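Only one structure is covered here, and it is reproduced in the block below.
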Amino acid sequence: MTDRPRRFWLMKSEPSDYSLDDLERDGRTHWDGVRNFKARNLMKEMEIGDGVLFYHSMKRPPGIAGTARVCRTAYPDFTQFDPKAKYFDRRVKPDKPWWYMVDIEFVSRFPKEIPLPLLRKMPEIEGMALLKRGQRLSVQPVTEAEWNFLVALGQRGGDDTAS
DNA sequence: GCCAACGTTGGC
DNA sequence: GCCAACGTTGGC
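For the record, in the first sequence the residue sitting at position 21 is 67 according to my numbering, with numbers rising by one throughout.
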């Protein structure tokens with residue numbers, strides 16, 4: 047048993063909807079509401095222990111707030127069946143779910159969020175999916191090199207001049 | 001199967 | 001609020 051994650055991901059959330067602070071308070075949560083096939087397929091690849099960069103979108107500036115860990119592999123997102131739920135999907139038959147979610151648990155909050163404009167200046171993560179033009183996926187794969195760099199950067203408070 | 005129209009995402 | 005990029009829908 048190692049605490050070293052095997053694979054790495056980035057997951058976006060609007061903090062007004064669900065923030066890293068909320069996750070820290072709750073300890074863990076189910077990641078419901080993903081309604082994009084690519085993002086769903088990526089979640090189905092996740093394994094327990096995988097590392098997650100928690101990204102706050104739709105704020106100024108957006109940024110990476112901290113890290114989480116996958117603690118339950120993909121299972122049907124129950125909100126797709128609930129007519130009163132925000133993410134209800136009328137096309138889905140009860141016996142054939144379309145949408146899945148995973149559970150994640152809180153791991154760490156960076157002293158300061160790493161803002162998107164700073165990420166764009168970092169040659170180490172050039173080519174990162176998040177920085178690609180028109181990138182909208184709410185779940186993205188992250189390489190091990192990107193993970194290592196960003197976690198180290200985040201832990202020292204986004205200070206890109208430190209050694 | 002093509003593709004125009006429409007809806008959503010999400011940075012700015 | 002604007003708008004670019006992308007995904008989805010639906011007519012044909």
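Even glycine gets a Cβ: it sits at the ideal position worked out from N, Cα and C. These numbers come from a predicted model, not from an experiment.
Proximity winner among the options, relative to residue i (alpha-carbon distances)
i	options	result
Gly-154	Leu-164, Val-98, Arg-137 and Asp-205	A small fix is needed here, since residue 154 is Ser in this sequence, not Gly. Ser-154 has its Cα closest to that of Val-98, out of Leu-164, Val-98, Arg-137 and Asp-205.
Ala-191	Ala-175, Ala-85, Tyr-101 and Val-148	Ala-175
Met-147	Arg-106, Tyr-133, Pro-51 and Arg-137	Tyr-133
N- and C-terminal bounds of the alpha helix (DSSP H) containing residue i
i	result
Gly-200	190-201
Leu-69	66-72
Ala-210	Shown here, the chain extends from 47 to 209; a query on residue 210 therefore has no answer.
Cα-Cα separation between residue i and residue j, rounded to whole angstroms
i	j	result
Leu-162	Phe-152	21 Å
Arg-202	Thr-189	20 Å
Pro-143	Gln-126	8 Å
Arg-137	Trp-145	11 Å
Ser-62	Gly-112	16 Å
Glu-172	Ser-184	19 Å
Extent of the continuous beta strand (DSSP E) to which residue i belongs
i	result
Phe-134	Phe-134 -> no beta strand (DSSP E), and no H or E assigned at all.
Leu-99	97-102
Leu-56	54-59
Pro-157	146-161
Buried or exposed (CB count within 10 angstroms, at least 16 for buried), residue i
i	result
Met-57	buried
Ser-209	Model confidence at Ser-209 stands at a pLDDT of 48, short of 50, so the residue's coordinates are unreliable; what they give is reported in the following sentence. By the 10 Å Cβ count, Ser-209 comes out exposed.
Pro-157	exposed
Ile-94	exposed
Residues near residue i by beta carbon distance below 7 Å, same chain, minus five either side
i	result
Glu-170	Phe-195
Arg-86	Val-80, Trp-145 and Tyr-146
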